[in-house]
Structure formats: C-alpha cells, structure tokens
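Numbering (full-length UniProt numbering), first residue to last: 1 to 386.
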C-alpha cells in the first residue's frame with residue numbers, strides 16, 4: 001500500500017503537534033509513504049528520511065518566506081496528486097480543500113480531525129471558512145478522530161455518517177527534535193507548570209485566580225512557570241498584578257524539547273485548565289517526565305487521563321485551588337498520580353497509532369474496491385524541481 005501525504009502541516013509548522021503526528025506516522029508506517037513537500041523548515045523533517053525537500057531561509061521571519069514555501073509545496077502536492085501513484089490520500093490538514101478537484105474519484109481520502117475548535121469557537125476564527133471542512137468530510141472515505149470526544153463533536157456539528165469515523169489516539173515517545181538541548185533554564189525551586197498558548201479557551205485566567213486563592217502557607221514560596229505562548233500580554237500582566245503573582249510568574253520560550261522535559265521533571269504539577277482540546281498531548285508529555293497532572297474535567301481530558309489526574313470544573317478557580325492545595329501538600333498523592341500516569345502512558349504508543357491507522361487505510365481501500373499498487377523500492381518522492 002502506498003499513501004500520499006500533502007504539504008499543509010509541514011508548510012505551516014516548523015514544529016508542533018499536527019506535523020509531529022504525521023511525522024510519527026511516517027516513522028512507524030508499515031506502508032509506503034510519499035510526502036509531497038518541496039520546501040520546509042520543519043524540525044521533524046530535518047533528517048530527510050521521508051522527503052527530499054530543501055530548507056528555505058530557516059532563520060528568517062519575513063512573511064514572504066511563508067508564501068514562497070506554500071507556493072512550491074502546493075505545486076508539489078498538486079503534481080503528486082496528478083501522477084496518481086498512490087492508493088490512499090491523507091492530507092496533513094483539513095484547512096484547504098484544493099485537492100478535491102484533483103483527487104481521482106476511485107481513490108480513497110482519509111482525513112484526520114484533531115479537534116473541532118473553529119466550529120465551537122467561531123468568534124475566534126473569523127477567517128475560517130467552515131464550508132471547506134464540510135466539503136472535505138463529505139468526500140472523505142474514512143475520517144480519523146483523535147479522541148472519542150472529538151468524534152462526538154464531529155458527528156454533532158457536521159453531517160457525517162457515523163460509520164465513516166474511526167477513533168485513533170495519539171501516541172507518545174520521548175524524542176528530541178531540536179538541534180541543541182539549550183542551556184538549563186533558571187527556574188525557581190518550587191513551581192507549577194503551564195505550557196503552550198494562554199489565549200482564548202486555554203483558560204489561563206482561571207489558573208491565575210486559583211493561585212490567588214491558595215492558603216498563604218502553601219503559596220508562600222510557590223511560583224508559576226509558563227513555557228511557550230509568548231511573553232505575557234498587557235491583560236495578563238494586569239491579571240497577575242491583581243492576583244498578587246506578578247513577581248512569581250515566569251515565562252520561558254520558545255523552549256527546546258530538552259528544556260521542556262526539564263520543566264516537567266522539576267514541576268510540582270502540570271496544570272491544564274483548558275476548556276477544550278482535541279486530545280491533550282501535553283498530558284502524555286507530563287506523564288513521560290513523571291510530573292503529576294491537574295486537569296479541567298472538560299472535553300477529552302477524562303478520556304485520555306482517566307484516574308491518573310486530579311480534576312476540577314473548568315470555570316471554578318476555587319475548585320482548582322483546592323486540587324492544587326492537595327497535590328502541593330500530599331506527597332503520597334503525588335507518588336500515586338505519577339505511578340498511575342506511568343501506567344496510563346503504556347496505552348499510548350505511536351506503534352499502536354500506526355497499526356490502527358493502517359487498519360483505517362485498509363478499510364478505505366476496501367470501501368472503494370481498490371487494489372493496492374505494487375510495492376516500490378523507494379518510498380520517497382522524486383527530487384522536486386523548483
């Protein structure tokens with residue numbers, strides 16, 4: 001079986017969850033893969049084991065850089081579709097339906113839905129055309145949802161037949177993709193950790209309010225460390241000042257994989273107060289570094305973490321403060337959560353993700369009565385002319 005992946009995630013992301021997901025599929029595939037990418041600065045592709053791309057101004061932040069990369073990558077993906085040398089087409093994002101006019105009618109389309117955030121929070125995505133995703137899922141032979149919760153949202157929000165949708169969880173592996181480990185970060189001795197974006201539905205304000213509600217004896221030498229997400233905004237600085245945490249809130253980023261691991265390893269707890277996530281990969285990252293986890297009880301979190309976390313209602317700072325106080329004062333509870341996290345991590349491997357994904361590809365081929373193309377000796381695409 002030969003699967004064609006397009007450029008989208010590897011054009012938009014130099015690193016990040018969606019491109020890492022597709023890279024892990026490429027690494028663990030028991031099928032032949034073609035990744036139609038001509039230019040990319042994505043960290044996961046730097047060994048060129050799965051593509052013959054070139055980097056393009058990797059140190060530049062010029063907006064024109066992205067436009068050039070997108071132009072050549074979309075041309076490469078269009079050419080690969082027109083060649084038709086594949087059994088299954090799996091686009092790496094569902095943000096652009098350019099491929100619908102090029103995909104042969106007898107070739108199955110498999111698409112992964114990582115979350116339904118733009119549909120659930122449309123006010124935050126005014127430029128997103130919901131009709132694009134609708135057209136893609138209508139054409140799709142099979143749809144992969146990364147959690148049961150995402151599947152339920154997909155079926156609730158879009159006119160999709162339930163039998164088309166399969167749940168395949170993400171996996172976890174501890175692997176460093178950044179070129180250098182980076183220096184050790186000057187973290188405080190005792191802190192709780194928040195990672196990634198703090199905007200919109202990430203619910204950072206609830207965490208700040210909860211920290212202000214901690215008893216003085218518990219909060220006395222406690223700090224808040226935020227990894228990634230950019231410097232604190234004016235509104236966030238005002239919030240931290242109002243809650244009395246200005247001097248004890250620290251932002252680091254961007255951070256290397258090794259630095260992020262360091263932050264997890266030394267944190268008293270990882271706090272994930274988000275109102276919605278499609279899967280919640282940072283939960284597995286925390287488990288991998290033996291960091292106890294406190295989660296909102298929203299969206300997919302109970303499905304992914306089960307009993308290996310403490311939970312609180314997403315809109316209740318007082319409930320989060322109560323759980324924080326427990327985890328900061330009860331060493332036996334911390335040990336139990338770390339142990340349960342290690343056990344839960346065994347359920348999430350990229351090998352398992354790849355096997356389940358292969359089963360979805362097989363179903364898609366059977367659904368279209370397609371006979372897989374003969375195996376080829378070289379799974380890589382030809383060198384692309386610019």
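Cβ coordinates follow ideal geometry from the N, Cα and C atoms, glycine included.
Everything numeric in this text was worked out from a predicted model, so none of it was measured.
Take residue i as the anchor and find which of the options has the nearest alpha-carbon.
| i | options | result |
| --- | --- | --- |
| residue 300 | 250, 330, 170 and 251 | 170 |
| residue 329 | 110, 190, 59 and 341 | 190 |
| residue 227 | 201, 314, 256 and 62 | 256 |
| residue 167 | 313, 304 and 29 | 304 |
| residue 204 | 352, 235 and 185 | 235 |
| residue 87 | 332, 103 and 302 | 103 |
| residue 414 | 355, 320, 128 and 368 | Absent from the model: residue 414. The displayed extent of the chain is 1 to 386, so no value can be given. |
| residue 66 | 41, 296, 52 and 90 | 41 |
| residue 221 | 268, 55 and 233 | 268 |
| residue 188 | 250, 206 and 174 | 250 |
| residue 157 | 183, 108, 358 and 122 | 122 |
| residue 10 | 363, 37 and 2 | 37 |
| residue 8 | 1, 19 and 2 | 19 |
| residue 193 | 261, 142 and 247 | 261 |
| residue 12 | 1, 139, 73 and 51 | 73 |
| residue 283 | 173, 186 and 206 | 173 |
| residue 61 | 14, 245, 358 and 45 | 14 |
| residue 263 | 129, 199 and 195 | 195 |
| residue 211 | 200, 202 and 224 | 224 |
| residue 48 | 4, 59 and 35 | 35 |
| residue 245 | 219, 22 and 314 | 219 |
| residue 26 | 82, 92 and 59 | 92 |
| residue 43 | 33, 17, 293 and 29 | 17 |
| residue 125 | 2, 160, 95 and 100 | 95 |
| residue 162 | 183, 138, 185 and 184 | 138 |
| residue 289 | 155, 266, 321 and 1 | 266 |
| residue 39 | 252, 53, 154 and 259 | 53 |
Would DSSP call residue i helix, strand or coil?
| i | result |
| --- | --- |
| residue 112 | strand |
| residue 35 | strand |
| residue 89 | strand |
| residue 46 | coil |
| residue 30 | coil |
| residue 343 | helix |
| residue 348 | coil |
| residue 59 | coil |
| residue 367 | helix |
| residue 107 | coil |
| residue 15 | coil |
| residue 362 | helix |
| residue 102 | coil |
| residue 20 | helix |
| residue 379 | Confidence in residue 379 is poor, its pLDDT being 43 and thus under 50, which makes the residue's placement unreliable; the coordinate value appears in the next sentence. Three-state result, residue 379: coil. |
| residue 373 | Here residue 373 scores only 48 on pLDDT, less than 50, and its place in the model should not be relied on; the value that follows carries that caveat. In the structure shown, residue 373 sits in coil (DSSP, three-state: anything other than H, G, I, E or B). |
Please name the residue or residues paired with residue i in a DSSP beta bridge.
| i | result |
| --- | --- |
| residue 82 | Residue 82 is not bridged to any residue. |
| residue 5 | 35 and 90 |
| residue 54 | 39 |
Please tell me whether, using a cut-off of 7 angstroms, the distance from the CB of residue i to the nearest non-hydrogen atom of the ligand SAH is below it.
| i | result |
| --- | --- |
| residue 301 | What this structure holds is no ligand at all, so the ligand SAH is not there to describe. |
In chain order, which beta strand (DSSP E) runs of at least 3 residues are fully inside the UniProt domain "Glycosyl transferase family 1" (185-340)?
The qualifying runs are 191-195, 223-227, 249-252, 269-272, 293-296 and 310-312.
Which ranges does the alpha helix (DSSP H) cover as unbroken runs of at least 4 residues, wholly within the region 116-181, from first to last along the chain?
Assignment of alpha helix (DSSP H) within the region 116-181, counting only whole runs of 4 or more residues, yields 117-120, 130-139 and 148-157 in chain order.
Determine contact between the region 273-284 and the region 109-116, defined as no fewer than three beta-carbon pairs at a distance below 8 angstroms.
Taking 8 angstroms as the limit for Cβ pairs, the verdict is that the region 109-116 does touch the region 273-284.
How do the region 230-244 and the region 335-351 stand: do at least 3 beta-carbon pairs fall below 8 angstroms, yes or no?
The region 230-244 vs the region 335-351: no contact.
Any 3 or more C-beta pairs closer than 8 angstroms across the region 306-320 and the region 139-153:
Output reads no: the region 139-153 does not touch the region 306-320.
Evaluate the contact criterion for the region 208-218 versus the region 320-328: three or more CB pairs, one atom per stretch, below 8 angstroms.
These segments touch.
How about the region 60-79 and the region 129-140: do they share at least three Cβ pairs that are nearer than 8 angstroms?
Flag = no, the region 60-79 and the region 129-140 do not touch.
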